[in-house]
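Below is one structure, written out as structure tokens; comments come after it.
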Amino acid sequence: MSFPRRTHTCGALRPSDAGARVVLDGWVASRRDHGGVLFIDLRDRYGTTQVVFHPERAEEVASRAQALRAEWCVAVTGIVRERPAGAVNRDRPTGGIEVEATELAVLSESAVPPFEVDDRVEAALELRLKHRVLDLRRPTIQRNLLLRSRVLLAIRNALAARGFVEVETPILTKATPEGARDYLVPSRVNPGTFYALPQSPQLFKQLLMCAGLDRYLQIARCFRDEDLRADRQPEFTQIDLEMAFVEEEEIRAELEVAIGAAFREGLGLAVPTPFERLPHAAAMARYGLDKPDLRFDLPLHDATPFAAASSFQVFRSVLETGGIVKGMAIPGGGAWPRKEIDALGTKVAEFGAKGLATLKVEEADLTGAIAKFFEPALRARMREAFGAKAGDLLAFVAGPPAVVNRSLGELRNAMGERLRLRDPKTFRFCWVTDFPLFEWNPSEKRWDSAHHPFTAPADWTLKGLPGDPGSILSRSFDLVLNGVELGSGGVRIHRRDVQEKVFSFLGIGPQAAREKFGFLLDALEYGAPPHGGFAVGVDRLVQLMLGLEGIRDVMAFPKTASATCLLTGAPSAVPPEQLAELHIRPVLP
RNA sequence: GGGGGCGUGGCGCAACUGGUUAGCGUACCAGACUGUCGAUCUGGUGGUUGCGGGUUCGAGUCCCGUCGCCCUCGCCA
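Per our numbering: the first sequence = residues 310 to 898.
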């Protein structure tokens with residue numbers, strides 16, 4: 310079937326085009342029938358243009374136009390007219406003109422849509438995901454996908470210009486013993502064996518460095534079979550890069566170029582570089598989290614010395630069992646109603662805190678239920694140390710360091726929100742550096758890699774093993790934007806002896822190491838260059854650039870919180886023959 | 001696996017402590033209207049209150065179970 314090809318898009322025409330004969334292809338966004346004259350808003354990716362049908366000038370066309378309904382796909386031929394005075398729509402780029410239709414071709418009729426395709430009408434997410442095609446017609450979602458496209462292109466171009474080579478790595482690869490749960494793919498040819506979908510191309514990019522590719526780039530899909538969140542999908546995209554013969558600063562510099570390009574091309578914003586550097590220990594001390602939101606200050610303070618000097622048994626007993634006490638001053642919180650202060654306690658309890666102790670900051674003193682446990686001089690020093698002003702609320706958490714930091718760090722973020730200090734249009738980047746190499750896993754009672762087992766230690770000798778593994782620093786670092794971890798990376802181990810030592814400490818014996826990572830150890834055997842790299846979460850980057858709450862609307866076809874696709878119905882049962890071919894027999898719960 | 005929230009015409013919501021015929025907006029249909037742009041006016045269609053059970057004279061409302069969606073803790077090297 311032949312149809313009239315568009316001469317312009319629905320966002321293109323301006324008063325200077327008046328008099329031109331044009332063809333527009335698009336979807337009927339709305340219809341306003343005045344009995345005589347009939348208006349149609351025609352929408353495509355580029356905008357919306359008003360089409361007017363005049364019965365006395367094109368009777369047959371105008372009469373057929375009355376049948377048009379929302380979401381019909383049509384081609385309109387007509388003459389561009391400057392709008393009469395008083396009929397100009399200043400809210401629209403095309404509001405100065407309209408197209409007076411001389412011909413109308415219906416390319417596809419539409420059933421009545423399940424919801425209105427309109428940015429102002431918000432349908433339930435469940436419905437939107439089921440009818441994602443219609444949802445994706447909405448201008449805001451298209452704007453999101455377009456920004457994503459521009460960001461990816463900008464980063465790709467910026468890195469390509471700096472010598473990065475784009476290499477694709479396997480999607481069908483080897484299951485990894487550690488880290489997230491793998492998505493598995495059964496092998497038909499090799500009964501009883503499985504591929505895994507990559508959690509990231511980590512090892513492949515290291516192999517490429519060993520191979521001499523020198524600078525690698527990939528826009529890589531990653532898969533992790535873990536529970537979802539608003540900003541976590543089972544498959545997501547990373548800008549993945551790796552470089553040979555570099556150290557930390559050189560990696561960070563390339564990332565700053567790439568991120569700078571993304572903001573310049575995507576939002577027209579210049580982000581100041583270099584980004585702030587913040588050692589992990591300092592971040593934990595001041596903000597309680599390894600991904601601090603630097604759009605506001607509200608620092609945490611160590612209250613351990615004050616607790617030790619107090620007669621408050623709750624605090625003292627925590628200190629005796631190796632715990633700490635920290636707190637923060639909440640500006641104006643002293644005047645908040647009881648209910649709201651109680652809610653702060655609920656907040657910290659979500660992250661394991663046993664309770665929240667509070668003091669009100671008065672003109673000359675601290676008051677509250679626990680004030681009597683602190684001598685007046687101690688109260689004055691505490692007030693000074695916290696930088697508190699009259700009207701503030703001091704909030705304390707006591708417990709193990711991990712719990713105290715996490716709960717107060719989250720409280721700090723909540724206070725930033727509550728005090729409206731988290732402006733989505735402000736972008737505060739920072740590099741969090743000097744992470745520990747190992748992290749104690751209390752539930753498994755063992756040490757795990759804080760980042761991953763291929764991260765280089767700050768000191769090749771691994772001094773500290775096995776005595777105090779927690780004190781060993783790594784050469785990894787994170788990129789944090791507005792309290793969100795955007796990515797991580799660092800310098801890798803390129804010496805086989807060091808890699809084996811780390812494996813061994815992590816409980817991966819020589820035999821297991823060979824079985825799981827033999828190909829990596831082999832690569833380290835033949836002149837592996839010093840190398841390092843980084844990966845940036847594209848979905849979250851675009852999410853933050855748009856000021857969104859989650860990543861669903863920066864991807865075309867996202868999954869639900871239970872990892873299903875409402876559009877296609879995946880995952881789904883398959884016929885027994887298909888399973889038999891794969892040598893699979895389901896064992897249902 | 002745990003916690004919380006939601007589920008009512010196509011869609012978005014309402015219905016006080018259990019109590020008339022489940023209401024409003026919008027969409028949809030029909031009619032009117034020649035300058036609207038979230039058009040307007042008039043009229044109309046449309047409901048197994050997610051599903052299953054229970055308590056009660058009576059259940060959208062209470063209880064139990066179940067399904068789906070959302071948020072979240074754990075988890076995510």
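Quick reminder that beta carbons are idealized off the backbone N, C-alpha and C, glycines included.
Rounded straight-line distance, which links the Cα of residue j to that of residue i
i: G818; j: R805; result: 14 Å
i: V580; j: A567; result: 11 Å
i: F705; j: V634; result: 7 Å
i: F866; j: A879; result: 12 Å
i: E719; j: S758; result: 24 Å
i: F605; j: G725; result: 7 Å
i: E563; j: L795; result: 15 Å
i: P745; j: L576; result: 35 Å
i: H892; j: A539; result: 36 Å
i: G798; j: L550; result: 9 Å
i: H589; j: S785; result: 10 Å
i: L668; j: V811; result: 47 Å
i: Q542; j: K868; result: 7 Å
i: N791; j: D602; result: 4 Å
i: R441; j: P423; result: 11 Å
i: D701; j: P640; result: 5 Å
i: E693; j: A612; result: 12 Å
i: H760; j: L665; result: 31 Å
i: A371; j: R354; result: 25 Å
i: A529; j: L506; result: 12 Å
i: L455; j: I679; result: 55 Å
Candidates the options: closest to residue i by CA position
i: F763; options: I860, Y835, S783, G776; result: S783
i: A699; options: A673, A686, A707; result: A673
i: F828; options: R392, F513, E693, R457; result: F513
i: V383; options: V811, G792, R315, R390; result: R315
i: A844; options: E565, L702, V498; result: E565
i: K734; options: G631, S785, A837, L857; result: L857
i: D743; options: L728, P775, A767, R727; result: A767
i: W336; options: R446, L322, A529, G836; result: R446
i: F695; options: F545, G664, P614; result: P614
i: A489; options: R692, R533, V430, A592; result: R533
i: L850; options: H760, A618, R457; result: R457
i: Q359; options: T318, S372, R373, G344; result: T318
i: P839; options: V883, V331, D523, F362; result: D523
i: S419; options: L443, T403, D400; result: L443
i: G773; options: R755, G501, E671, F747; result: F747
i: G484; options: E477, P495, V476; result: A small fix is needed here, since residue 484 is Ala in this sequence, not Gly. Here the closest residue by C-alpha is P495.
i: T386; options: I560, A689, V332; result: V332
i: N750; options: N722, H803, L815, Q808; result: L815
Range covered by the beta strand (DSSP E) that runs through residue i
i: V563; result: The residue you asked about is not Val; residue 563 is Glu in the sequence shown. No beta strand (DSSP E) contains E563, which is instead part of the alpha helix (DSSP H) from 557–576.
i: D491; result: Unbroken run through D491: none, as it is neither H nor E.
i: G846; result: 840–846
i: D540; result: Per DSSP, D540 belongs to no beta strand (DSSP E) and is neither H nor E.
i: A748; result: Reading the sequence as shown, one finds Glu at residue 748 and not Ala. Where E748 is concerned, the enclosing beta strand (DSSP E) stretches over 747–750.
i: D743; result: Taken as a continuous stretch (DSSP letters only), D743 belongs to no beta strand (DSSP E), as it is neither H nor E.
i: E890; result: Element bounds for E890: not the beta strand (DSSP E) but the alpha helix (DSSP H), 885–890.
i: L771; result: Run containing L771: none; DSSP gives neither H nor E here.
i: Q508; result: Segment: none, Q508 is in no beta strand (DSSP E) and carries neither H nor E.
Bounding residues of the alpha helix (DSSP H) (the contiguous stretch that carries residue i)
i: L717; result: 710–727
i: T358; result: Counting along the chain, T358 falls outside any alpha helix (DSSP H), though it belongs to the beta strand (DSSP E) covering 356–362.
i: Y504; result: Here Y504 belongs to no alpha helix (DSSP H); instead the beta strand (DSSP E) covers 503–505.
i: R465; result: 448–470
i: K514; result: 511–519
i: Y596; result: 589–596
i: Q808; result: 805–814
i: K635; result: That residue, K635, is in no alpha helix (DSSP H); its beta strand (DSSP E) goes 633–639.
i: V623; result: 622–629
i: F736; result: That residue, F736, is in no alpha helix (DSSP H); it is neither H nor E in DSSP.
Is it true that the stretch 326–342 meets the stretch 378–397, where meeting means three or more beta-carbon pairs spaced less than 8 Å apart? Because the criterion of three Cβ pairs below 8 Å is met, the stretch 326–342 and the stretch 378–397 touch.
Starting from the N-terminal side, write out each stretch of the alpha helix (DSSP H) that is 4 residues or longer and does not extend beyond the stretch 649–707. With a minimum length of 4 residues, the continuous alpha helix (DSSP H) runs that stay inside the stretch 649–707 are 685–694.
How do the stretch 729–739 and the stretch 583–593 stand: do at least 3 beta-carbon pairs fall below 8 Å, yes or no? Yes, the stretch 729–739 is in contact with the stretch 583–593.
Can at least three beta-carbon pairs, one atom from the stretch 361–369 and one from the stretch 401–412, be found at a separation below 8 Å? The stretch 361–369, when compared against the stretch 401–412, does touch it at the 8 Å Cβ threshold.
Is the number of C-beta pairs between the stretch 707–715 and the stretch 542–560 that are closer than 8 Å three or more? Contact between the stretch 707–715 and the stretch 542–560 is absent, because fewer than three Cβ pairs lie under 8 Å.
Entirely within the stretch 377–462 and at least 3 residues each: give me those beta strand (DSSP E) ranges in chain order. List check, beta strand (DSSP E) in window: 382–391, 406–417.
Runs of beta strand (DSSP E) wholly within the stretch 310–372 (minimum 3 residues, chain order): Runs of the beta strand (DSSP E) inside the stretch 310–372: 330–342, 347–353, 356–362.
Inspect the CB distances between the stretch 821–838 and the stretch 518–531 and report whether three or more fall short of 8 Å. A contact exists between the stretch 821–838 and the stretch 518–531.
Is the stretch 615–627 close to the stretch 774–781, with three or more CB pairs under 8 Å? They do not touch, by the three-pair rule.
Contact between the stretch 392–399 and the stretch 427–441 (3+ Cβ pairs under 8 Å): Short answer: they don't touch.
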